[in-house]
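Visitor: Dropping a structure here in structure tokens format, bear with me for questions.
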Amino acid sequence: MKLSTLVAVACTATVSLTACTSGDASSSTGKPAKIEKIGLMVQDMSNPFFSAMDKGAKDAAQKIGATTNTQDAQLDLANQNNQIDAFIQQGVDLIVVSAVDEDGLQPAIERAKAAGIIVIAVDTPAKGADAVIMTDAVQAGEKSCDYLFQQMGGKGTFLIVDGTPIQTIRDRITGCRNTLKKFPNIKLVGQQASKNDRASGLAVTTDMLTATPTVQGIFGMNDPSALGAVLAVQQAHLVGKVKVTGVDGSPEAVSELQRSGSPFVGTATQNPAEMVRQAVKVAQDIVDGKPPAETTILIPSELVTRENVSQYKGW
Numbered sequence: 124m125k126l127s128t129l130v131a132v133a134c135t136a137t138v139s140l141t142a143c144t145s146g147d148a149s150s151s152t153g154k155p156a157k158i159e160k161i162g163l164m165v166q167d168m169s170n171p172f173f174s175a176m177d178k179g180a181k182d183a184a185q186k187i188g189a190t191t192n193t194q195d196a197q198l199d200l201a202n203q204n205n206q207i208d209a210f211i212q213q214g215v216d217l218i219v220v221s222a223v224d225e226d227g228l229q230p231a232i233e234r235a236k237a238a239g240i241i242v243i244a245v246d247t248p249a250k251g252a253d254a255v256i257m258t259d260a261v262q263a264g265e266k267s268c269d270y271l272f273q274q275m276g277g278k279g280t281f282l283i284v285d286g287t288p289i290q291t292i293r294d295r296i297t298g299c300r301n302t303l304k305k306f307p308n309i310k311l312v313g314q315q316a317s318k319n320d321r322a323s324g325l326a327v328t329t330d331m332l333t334a335t336p337t338v339q340g341i342f343g344m345n346d347p348s349a350l351g352a353v354l355a356v357q358q359a360h361l362v363g364k365v366k367v368t369g370v371d372g373s374p375e376a377v378s379e380l381q382r383s384g385s386p387f388v389g390t391a392t393q394n395p396a397e398m399v400r401q402a403v404k405v406a407q408d409i410v411d412g413k414p415p416a417e418t419t420i421l422i423p424s425e426l427v428t429r430e431n432v433s434q435y436k437g438w
């Protein structure tokens, strides 16, 4: 048999937690004895959500005497693949990753695990990771849209500003659609995907409002896109006619909730810094021989509105 065929047979016949590759990382070197170097990989550092992750990583690292290295993928899967390979070369003990593509990053994650690195996914799942810590995104979508529909008086039409096709965003949309079933007098009349930022949120909302200018509500699947929608509402001179909600509980969303007369009325929270802090704790438990009983850990989402924003601690 050819060598390649033998390797394929071995990969098929063997049940293993490590990837079967033709490179040097073909067998696991085991878990680290101590977490001393942490590599954090975020999707887009221009989003304050990921800046908060960076802060959480630094806080958690300081408590255990570790160092951190944060890398920005700029929403590019190829960048994240290269960043994982660089972390392997640097000999990090833990990679915390907010994956651009939960499927596409799996081979790189398997290489890292084969090199003895613990990999914890945050914010969205990543196949092959030892665990994932994320917001209960379905709940967040449900809470944000339930409040939006209440503010609309339980009737009318609305738009969804969608985002990149990752699991956490799909879950928020699922949550919103779950809630829509409870409001038979509300109809979804438009849905377009942004790039998860304010500029693209403004652009796609402007397009949708041009086509359907009589809507009463807009759900933005994250705060940057929702705040872009707010700008579109203002530019279309629809303030007072359209309500907007988002997801994140970001500092910018808090400021907008505090601004008198804003179309923005609510946001369902996430806690990016806490995700990373929990990721480091889970990794430390793995090092101590106490892996988590559940590999998916959900952080509850809370609703922040103009009425309770003063009690919200924020990021």
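Heads up: take any position in the sequence shown, counting from 1, add 123, and you land on the numbering used here.
Even glycine gets a Cβ: it sits at the ideal position worked out from N, Cα and C.
Only a predicted model underlies this, so the values are computations on that prediction, with no experimental measurement involved.
If we count the other Cβ atoms within 10 Å of its Cβ and call it buried at 16 or more, is Gly146 buried or exposed?
Guide: Bear in mind that the predicted position of Gly146 carries a pLDDT of just 36, short of 50, making it too unreliable to give a figure here.
Visitor: Can you give the beta carbon distance from Ile341 to Val284, rounded, assuming they're within the 8 Å contact cut?
Guide: Correct: roughly 6 Å between the Cβ atoms.
Visitor: With 16 as the cutoff for other CB atoms within 10 Å, does Thr258 come out buried or exposed?
Guide: Label assigned to Thr258: buried.
Visitor: With DSSP run on the structure shown, which of helix, strand or coil describes Thr287?
Guide: Looking at Thr287 - three-state DSSP - the assignment turns out to be coil, as it is neither helix nor strand.
Visitor: Going by beta carbon distance, what residues of the same chain come within less than 8 Å of Gly313, once the five residues before and after it are set aside?
Guide: Result list for Gly313: Leu282, Ile283, Met331, Ala334, Thr335 and Val338, in chain order.
Visitor: Taking a contact to mean a Cβ-Cβ separation below 8 Å, would you say Asp361 touches Gly389 in this structure?
Guide: Inspection of the sequence shows that residue 361 is occupied by Leu rather than by Asp. In this structure, Gly389 does not lie closer than 8 Å to Leu361 by Cβ.
Visitor: Alpha carbons only, please: which of Glu379, Asn394 and Lys413 is nearest the one belonging to Ser433?
Guide: The shortest C-alpha separation from Ser433 is found at Glu379.
Visitor: Taking DSSP as the reference, what is the three-state secondary structure of Lys178?
Guide: Lys178: helix per DSSP, three-state reduction.
Visitor: Of all the options Gly412, Ile256 and Ser424, which has the alpha carbon lying nearest to the alpha carbon of Val399?
Guide: Of Gly412, Ile256 and Ser424, the residue nearest in Cα terms is Ile256.
Visitor: Just the Cα atoms here: how many angstroms apart are Tyr270 and Ile240?
Guide: Taking the straight line from one Cα to the other gives about 42 Å.
Visitor: Which of helix, strand or coil does DSSP assign to Phe387?
Guide: If DSSP states are grouped into helix, strand and coil, Phe387 belongs with the strands.
Visitor: According to DSSP, Asp310 sits in a beta bridge with which residue or residues?
Guide: It should be noted that the sequence gives Lys, not Asp, for residue 310. BP columns for Lys310 point to Thr280.
Visitor: Is the Cβ-Cβ distance between Gln203 and Ala222 less than 8 Å?
Guide: For Gln203 and Ala222, yes; Cβs fall inside 8 Å.
Visitor: Taking the alpha carbon of Gly251 as the point to measure from, which residue in Gly437, Pro423 and Thr419 has its own alpha carbon closest?
Guide: The candidate whose alpha carbon is nearest that of Gly251 is Thr419.
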